[in-house]
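Novice: Chains as they are written, first to last, in our numbering: chain A, 1 to 218; chain B, 1 to 407. My questions will all concern the structure given below.
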């Protein structure tokens with residue numbers, strides 16, 4: 001399995017679950033269930049593919065191990081053998097706002113930092129992922145909450161502190177991205193972040209060990 | 001990383017604390033003292049050194065037969081502490097030779113045993129007077145009730161045969177009774193014992209009234225369906241008495257009469273308070289949703305739950321069940337005004353992005369009932385299974401359980 005544009009590992013299928021875990025697929029087992037841990041040989045960061053297998057374009061990786069994507073470019077995890085995606089995620093649009101409509105009440109909310117960064121996101125998790133991973137499909141998911149996102153300023157500083165009380169209160173649930181995507185589902189909606197940097201890269205990196213990033217602002 | 005280490009250390013501390021908590025067993029020797037007895041219940045004999053007289057601990061009820069000196073010691077040479085009047089009841093706690101130890105008017109001393117007698121046994125309370133079944137009689141004939149106990153006296157009324165009467169007094173061959181508010185005498189030979197009165201059957205327990213709450217302004221109809229005539233419109237949030245269900249409709253008793261309401265507009269859960277722990281607490285950023293909607297706000301706590309925060313995102317708190325009774329979360333129990341209830345629930349659900357019709361595990365928070373330390377049930381938004389676990393993996397537990405005391 002590999003991340004689109006970046007080979008995660010030439011792993012045998014037996015470690016496919018761990019590979020998925022490394023890239024953010026969580027397991028919602030009970031506390032007593034097996035805790036998913038990133039295997040030591042992946043901690044240093046996976047090797048990168050030279051090209052994105054789905055587009056043939058060159059793969060660029062930032063210093064935080066995020067595969068850099070262009071605005072509107074799809075990212076995801078690909079099974080090397082079948083070249084099919086298990087998981088894809090795409091930031092289709094981004095917008096910086098000074099205010100947003102509150103979900104509750106007739107008021108608008110202001111960011112706690114400088115701007116709300118509103119992302120339009122679409123994500124798909126293949127039903128077949130549960131065949132590759134241990135555990136039933138009910139236990140597999142990809143988290144899509146704001147806490148799974150971070151930004152990198154144009155100066156290159158990472159900032160994972162991009163949520164806020166007011167960002168949480170923006171927009172009706174009907175337009176917001178669901179908190180999770182489950183096997184067999186495609187979901188889309190808005191994610192609202194609260195950022196200082198008006199320009200930079202926004203990353204989806206749920207496990208803080210490398211993910212994908214897209215440019216925003218400026 | 002440092003915070004993770006701290007969190008681990010805190011968790012360990014909790015474990016240690018938890019292991020030491022528990023209820024102490026009562027000591028094996030603990031027990032109730034036996035009731036006072038009029039006989040000695042000797043349990044220990046002391047043999048003071050140098051004394052040939054046994055000291056005997058006792059528990060005796062006595063009465064003085066004379067005005068009796070209470071002395072500081074068991075000798076007439078000892079000082080008289082006071083004089084106990086004749087016929088006073090005293091408790092003897094110890095005897096030694098011809099002396100008995102007692103306490104009277106807060107002074108403990110010794111009295112000569114020969115001036116004591118056993119106290120009379122406490123009188124048992126007299127049994128309550130009961131009307132025996134034998135006083136209830138049945139007439140064997142149509143029977144004259146006379147003004148007095150003689151056939152020469154005036155007949156007040158004739159008591160029909162097989163009438164049961166209560167005899168309150170007998171005199172010779174006559175029995176006194178009352179019939180139709182007339183008291184008089186009847187010949188006893190025309191009475192027979194009435195069969196024992198049957199105890200009245202216990203009242204069946206009143207069925208527990210089930211209730212429903214209307215979730216909207218809704219029509220109540222004569223039958224279970226929209227084709228039936230409308231009886232009226234029941235306001236939203238009204239508590240109605242539930243009677244039965246058929247075809248997705250419930251028969252209820254409401255302010256607009258008894259009729260049928262679609263189950264879509266009825267809620268079984270009632271108007272529980274909300275137990276809020278984070279930004280919804282008074283003075284916090286989301287409190288505006290509750291402002292003016294509460295009738296009472298009470299600080300309390302729920303046990304067996306833990307609060308977590310995200311590192312560097314300390315506004316985001318979530319609570320999950322911990323299974324450990326020692327884990328507590330400080331909450332404010334918000335009692336919602338009945339008139340605002342449904343709208344407030346809707347707003348709270350909206351704020352927490354909770355939809356009861358969607359899979360619970362796929363949401364950020366789930367609204368569930370919790371019981372606080374005051375025994376009150378309230379709604380609380382707890383971290384859902386998936387996101388709760390995802391966030392907890394990187395989260396920091398707030399050991400105080402108090403959002404306002406987070407760091």
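Where a beta carbon is used, it is the ideal one built from N, C-alpha and C, also for glycine.
Between residue 279(B) and chain A, is the shortest Cβ-Cβ distance under 8 Å, so that the two count as touching?
Specialist: Yes, its Cβ sits closer than 8 Å to a Cβ of chain A.
Novice: I need the straight-line Cα distance from residue 281(B) to residue 79(A), nearest angstrom please.
Specialist: A straight-line Cα-Cα distance of about 47 Å links residue 281(B) and residue 79(A).
Novice: How long is the line joining the alpha carbons of residue 249(B) and residue 267(B), rounded to whole angstroms?
Specialist: 12 Å
Novice: Compute the minimum distance between the beta carbon of residue 148(B) and the heavy atoms of the ligand MN, and state whether it is under 7 Å.
Specialist: The model depicted lacks the ligand MN and carries no ligand whatsoever.
Novice: Measure from the C-beta of residue 353(B) to each C-beta in chain A and report whether the shortest distance is under 8 Å.
Specialist: yes
Novice: Just how far apart, CA to CA, sit residue 160(A) and residue 304(B)?
Specialist: Cα to Cα, the separation comes out at about 31 Å.
Novice: With a cut-off of 8 Å on the beta carbons, I'd call residue 321(B) and residue 382(B) a contact; round off their distance for me.
Specialist: 7 Å
Novice: Which residues, taken in chain order from the stretch 99-122 of chain A, show a beta carbon closer than 7 Å to some beta carbon of chain B?
Specialist: 103, 104, 105
Novice: Any beta carbon from chain A within less than 8 Å of residue 315(B)'s own beta carbon?
Specialist: yes
Novice: Are residue 176(B) and residue 185(B) close, meaning C-beta to C-beta below 8 Å?
Specialist: yes
Novice: Shortest alpha-carbon distance to residue 196(B) belongs to which of 220(B), 213(B), 165(B), 257(B)?
Specialist: 165(B)
Novice: Measuring only between beta-carbons, confirm whether residue 59(B) sits less than 8 Å from chain A.
Specialist: no
Novice: What's the C-alpha gap between residue 393(B) and residue 146(A)?
Specialist: 15 Å
Novice: Exposed or buried, what is residue 284(B) when buried is set at 16 or more other beta-carbons lying within 10 Å of its beta-carbon?
Specialist: Here residue 284(B) is buried, its C-beta having at least 16 other C-beta atoms within 10 Å.
Novice: With DSSP collapsed to three states, give me the class of residue 66(B).
Specialist: coil
Novice: Going by beta carbon distance, what residues of the same chain come within less than 7 Å of residue 272(B), once the five residues before and after it are set aside?
Specialist: 369, 377, 378, 379
Novice: Is it buried or exposed, residue 363(B), if we count other Cβ atoms within 10 angstroms and call 16 or more buried?
Specialist: The residue in question, residue 363(B), is buried, as its Cβ has 16 or more Cβ neighbours within 10 Å.
Novice: Give me whichever residues DSSP pairs with residue 212(B) in a beta bridge.
Specialist: 240(B)
Novice: Assuming the contact rule is C-beta atoms closer than 8 Å, residue 192(A) and residue 170(A) should be a hit. Round their C-beta distance to whole Å, please.
Specialist: 4 Å
Novice: Within its chain, find whatever has a CB closer than 6 Å to the CB of residue 228(B); leave out the 5 residues flanking it on each side and keep chain order.
Specialist: 221, 222
Novice: For a contact meaning CB atoms closer than 7 Å, what does residue 164(A) contact in chain B?
Specialist: 315
Novice: Exposed or buried, what is residue 107(A) when buried is set at 16 or more other beta-carbons lying within 10 Å of its beta-carbon?
Specialist: exposed
Novice: Consult DSSP for residue 338(B) and reduce its assignment to one of helix, strand or coil.
Specialist: In the structure shown, residue 338(B) sits in a helix (DSSP, three-state: H, G or I).
Novice: Given that residue 141(A) touches chain B, what residues does it touch there, using C-beta distances under 7 Å?
Specialist: 386
Novice: For the alpha helix (DSSP H) holding residue 166(A), just list the boundary residues, first then last.
Specialist: 165-168
Novice: Tell whether a beta-carbon distance below 8 Å holds between residue 386(B) and residue 141(A).
Specialist: The Cβ-Cβ distance between residue 386(B) and residue 141(A) falls below 8 Å.
Novice: Here's the rule I'm using: 16 or more other beta-carbon atoms within 10 Å means buried, otherwise exposed. How should residue 367(B) be labelled?
Specialist: buried
Novice: Under 7 Å Cβ-Cβ, which residues of chain B neighbour residue 182(A)?
Specialist: Within chain B, the residues whose beta carbon sits less than 7 Å from that of residue 182(A) are 362, listed in sequence order.
Novice: For residue 330(B), which of 57(B), 144(B), 278(B), 359(B) has the nearest alpha-carbon?
Specialist: 278(B)
Novice: Do three or more CB pairs link the stretch 294-312 of chain B to the stretch 230-249 of chain B at distances below 8 Å?
Specialist: no
Novice: For residue 188(A) and residue 129(A), which I take to be in contact (beta-carbon distance under 8 Å), what is that distance rounded to the nearest angstrom?
Specialist: Not really, about 18 Å apart at Cβ, beyond 8 Å.
Novice: In this structure, how does DSSP classify residue 398(B) when only helix, strand and coil are distinguished?
Specialist: strand
Novice: Name, please, each residue of chain B whose Cβ falls closer than 8 Å to the Cβ of residue 179(A).
Specialist: 353, 362, 363, 364, 384, 386, 387
Novice: Can you tell me the Cα-Cα spacing of residue 71(A) and residue 119(A), whole angstroms?
Specialist: 11 Å
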